[in-house]
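For the first sequence, numbering that gives the first Met the number 0 assigns the number 0 to the initial residue and increments by one for each residue that follows.
Glycine included, C-beta positions come from ideal geometry on N, C-alpha and C.
Bear in mind that the values here come from a model prediction, so they are computed numbers and not experimental data.
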Amino acid sequence: MSKSVTPQSENYNTWYTDVVTKADLADYGPVKGTMVVKPYGFAMWDLIKETFDKMIKDTGHVNAYFPLFIPKSFLAKEAEHVEGFAKECAVVTHTRLKSDGKNGLVVDPDSKLEEEVIVRPTSETLIWSMYKKWIQSYRDLPLLINQWANVVRWEMRTRLFLRTTEFLWQEGHTAHAKAEEAEEETLLILELYRKLAEDYLAMPVLTGFKSESEKFAGADKTYCIEALMGDRRALQAGTSHNLGQNFAKAFDVTFQTKENKEELVYATSWGISTRLVGGVIMTHGDDKGLRLPPRIAPYQVVVVPIFKNGESQEILIKYLEPILLKLKNKGVRVHEDWRKGSPGFKFNEWEMKGVPIRLEVGPKDIEKLQVVIARRDTGEKQFVKKEDIVNRIPELLDSIQKTLFEQAKEFRKNNTHSVSTYTQFKDVIKNKGGFIRCGWDGTSETERTIKNETKATIRVIPFDEKIEGLDCIFSGKPAKHEAIFAKAY
RNA sequence: CGGGGUGUGGCGCAGCCCGGUUAGCGCACCUGCUUUGGGAGCAGGGGGUCGAAGGUUCGAAUCCUUUCACCCCGACCA
């Protein structure tokens, strides 16, 4: 591992890539735009996954698995949906290869598929084709299914975690008897997303809904959580869609009511992806590397022992053993770094990997019956008496979790601007970045023009919008909404 | 798909213009000894045939032709 990362101030994008690769989170796959999630990065995803999986199970959802391949014809059944995804679908046209007679392989033309198959970019169509078979009566509703899966969207420009050709996510697909129930579900999930982001990833998010042009292809309404990254660009961190009856119509999914009437089902779908890992990196990272919120840190505490020879190592092991055992029994994720090598090197490496707490223990500490504890969030070091460690660590972890969240909130506050003229708007976008809160007349023409002229898009229309007396930043007409604009990932 | 760029041990690069010993350097890696409280030192060692194909030449990483791949910038996107 080389010594350091490019400073954020020098080149934020390079900083990001440096951190991802040097902290051992991920590597590039051989096919353009693909990503190998390495064990350390996957451990983060695993913790996010476990957390959210518990949340949805506690609210009555169950997991299932649907196939990777979807008949091409399915995609076309919902008009808006096909529009949104057709351009980025990987298509399977043949089923085998054959030798080219030299030493290569060619697609065997005899194996051409009757109906071509697409690799799922999202599973609505496949799932609704199945729901048609599974739903007959109101007794079958609601149907609350989630799947953890990979999906493929053939993007032109990719970045590790933020946008890769294949990515991991969860997609929930629910079916309801009533429109209100679907809306309730959509909002319930959005709240879980907010909780996950803020309470676990320490990533403050705005909640609200998308404009027409930004919403999911095939949805009536898209709700989202939107975060602000360290370079003052916005990141869509999770979306929850009320699909209305669009997919029920497309796949003819009806049910019989209590009154024995036939009605179309109401649907929702919602997803978060490995993109969240990128969000954590860009919310908390600094020039020393990652800073991980304890709740999703693969290692919450790393122990760096300082010793000279085999004998002093033995003494250290004996000194540490009871302490670490108690910590582990308390559920703290502890990693001991007994590798050969200088302590300085290890300090830097674990800082790069963002471990919240580092425990340094050497001969001097044994003598004084203490350890040195260093916090990754503030860099502060303190001496802690041996007998206090077991209680002190969990407190510190809580404190770090909180500090990271507070710092991120403060950053967002300092980078959220209210503007009242389009001139100011352009100035902020060009020179400052961040979120802009302002009036919008609700037309897609205004939205499009602003996007073309400034690259800023409406990230979210926040639930707490206040429109009294507000005029549209662009047209000057009375505002229909207060919108949050920003340049986005 | 349009514009720009790069391909030389695992990574980062030099060499190319002006062909000529055995293709070189830093980092990483391996072995040994000494080290270890903020990125250790010394010694020894392994690994590349220069993106690919063809051509020019006595001789090609270097010149020519073709081709492939990747990166950056733009249009699209979670």
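Let me know the secondary structure DSSP gives Trp168 once reduced to three states.
-> Working through the first sequence from its first residue, we reach residue 168 at position 169. The answer is strand: DSSP assigns Trp168 an E or B state.
Nonlocal neighbours in the same chain, by C-beta distance under 6 angstroms from Val19, ignoring five residues either side | For the purposes of this step, residue 19 is taken as the residue at position 20 of the first sequence. Contacts found: Ala25, Leu159.
What is the rounded straight-line gap between the Cα of Leu104 and the Cα of Leu112?
-> Locating residue 104 in the first sequence gives position 105, where the first residue counts as 1. Locating residue 112 in the first sequence gives position 113, where the first residue counts as 1. Their Cα atoms are separated by approximately 18 angstroms.
If I'm right that Leu395 touches Ile372 with Cβ under 8 angstroms, what's the distance once you round it to whole angstroms?
-> Start at 1 with the first residue of the first sequence, and residue 395 comes out as number 396. Start at 1 with the first residue of the first sequence, and residue 372 comes out as number 373. With a Cβ gap of about 7 angstroms, Leu395 and Ile372 count as contacting.
Does DSSP put Asn414 in a helix, in a strand, or in coil?
-> In the first sequence, the residue the question calls residue 414 occupies position 415. Here Asn414 sits in coil by DSSP.
Determine, using beta carbons only, whether Arg458 and Glu213 come nearer to each other than 9 angstroms.
-> Within the first sequence, numbered from 1, the residue matching residue 458 stands at position 459. Within the first sequence, numbered from 1, the residue matching residue 213 stands at position 214. Between Arg458 and Glu213, the C-beta spacing is below 9 angstroms.
Do you know offhand how far Phe250's Cα is from Ala176's?
-> By one-based count along the first sequence, residue 250 stands at place 251. By one-based count along the first sequence, residue 176 stands at place 177. Here the alpha carbon of Phe250 sits roughly 16 angstroms from the alpha carbon of Ala176.
Cα separation between Met483 and Val35?
-> Counting from 1 along the first sequence, the entry for residue 483 is found at position 484. Counting from 1 along the first sequence, the entry for residue 35 is found at position 36. First, the amino acid is wrong: residue 483 is Ile here, not Met. Each residue's CA atom was taken as its position, placing Ile483 and Val35 some 34 angstroms apart.
Taking only runs of the alpha helix (DSSP H) that begin and end inside the segment 245 to 330, which ones reach a length of at least 4 residues, in chain order?
-> Counting only runs of at least 4 residues, the segment 245 to 330 fully encloses the following alpha helix (DSSP H) elements, listed from N- to C-terminal order: 245 to 250, 274 to 283, 309 to 328.
CB-CB under 6 angstroms to Tyr130, same chain, minus the five flanking residues each way: which ones, in chain order?
-> Here residue 130 corresponds to residue number 131 of the first sequence, with the count starting at 1. These residues qualify, in order along the chain: Ala174, Val252.
So, helix, strand or coil for Val354, using DSSP?
-> Position 355 of the first sequence holds residue 354. Val354: coil per DSSP, three-state reduction.
Three CB pairs or more closer than 8 angstroms across the segment 467 to 479 and the segment 436 to 446 | Because the criterion of three Cβ pairs below 8 angstroms is met, the segment 467 to 479 and the segment 436 to 446 touch.
Where Val30 falls: helix, strand or coil (DSSP) | On the first sequence, position 31 is the one that residue 30 refers to. Coil.
For Tyr222, which beta-bridge partners are listed by DSSP?
-> Within the first sequence, numbered from 1, the residue matching residue 222 stands at position 223. Per DSSP, Phe208, Ser239.
Simplified DSSP assignment, three categories, for Leu125 | Counting from one through the first sequence, the residue named residue 125 turns up at place 126. When DSSP states are grouped into helix, strand and coil, Leu125 belongs to the helix group.
For the 8 angstroms Cβ check, are there 3 or more pairs between the segment 328 to 345 and the segment 287 to 305?
-> Touching, yes, given that three or more Cβ pairs across the two stretches are closer than 8 angstroms.
Between Ser417 and Ile428, what straight-line distance do the alpha-carbon atoms span, to the nearest angstrom?
-> The residue you call residue 417 lines up with position 418 of the first sequence. The residue you call residue 428 lines up with position 429 of the first sequence. Their Cα atoms are separated by approximately 12 angstroms.
Find out if the Cβ-Cβ distance for the pair Ala89, Val4 is shorter than 9 angstroms.
-> Taking the first residue of the first sequence as position 1, residue 89 is located at position 90. Taking the first residue of the first sequence as position 1, residue 4 is located at position 5. It is not a contact, given that the beta carbons lie outside the stated cut-off.
Residue nearest to Lys412 in terms of C-alpha spacing, selected from Glu320, Pro203, Gly83 = Counting from one through the first sequence, the residue named residue 412 turns up at place 413. Comparing Cα-Cα distances from Lys412 to each of Glu320, Pro203, Gly83, the minimum goes to Pro203.
Would you report the Cα separation of His60 and Tyr192, rounded to the nearest angstrom?
-> Taking the first residue of the first sequence as 1, we reach residue 60 at position 61. Taking the first residue of the first sequence as 1, we reach residue 192 at position 193. In this structure, the CA atom of His60 is about 15 angstroms from the CA atom of Tyr192.
Enumerated in chain order, which unbroken segments of the alpha helix (DSSP H) with a length of 4 residues or greater are wholly contained in the segment 24 to 79?
-> Counting whole runs of 4 or more residues, the segment 24 to 79 contains the alpha helix (DSSP H) stretches 38 to 57, 71 to 74.
Ile134 by DSSP, collapsed to three states: which one?
-> Within the first sequence, numbered from 1, the residue matching residue 134 stands at position 135. It is coil, neither helix nor strand.
Below 8 angstroms on the Cβ atoms is my guess for Ile117 versus His172; work out the distance and round it to an integer in Å.
-> By one-based count along the first sequence, residue 117 stands at place 118. By one-based count along the first sequence, residue 172 stands at place 173. That belief does not hold up - the Cβ atoms of Ile117 and His172 are roughly 18 angstroms apart, past 8 angstroms.
Alpha carbon to alpha carbon, what distance is there between His283 and Ala233?
-> Mapped onto the first sequence, residue 233 falls at position 234. Mapped onto the first sequence, residue 283 falls at position 284. Straight through space, the alpha carbons of His283 and Ala233 are spaced by roughly 14 angstroms.
According to DSSP, is Leu469 helix, strand or coil?
-> Your numbering for residue 469 matches position 470 in the first sequence. Of the three classes helix, strand and coil, the one that applies to Leu469 here is coil, per DSSP.
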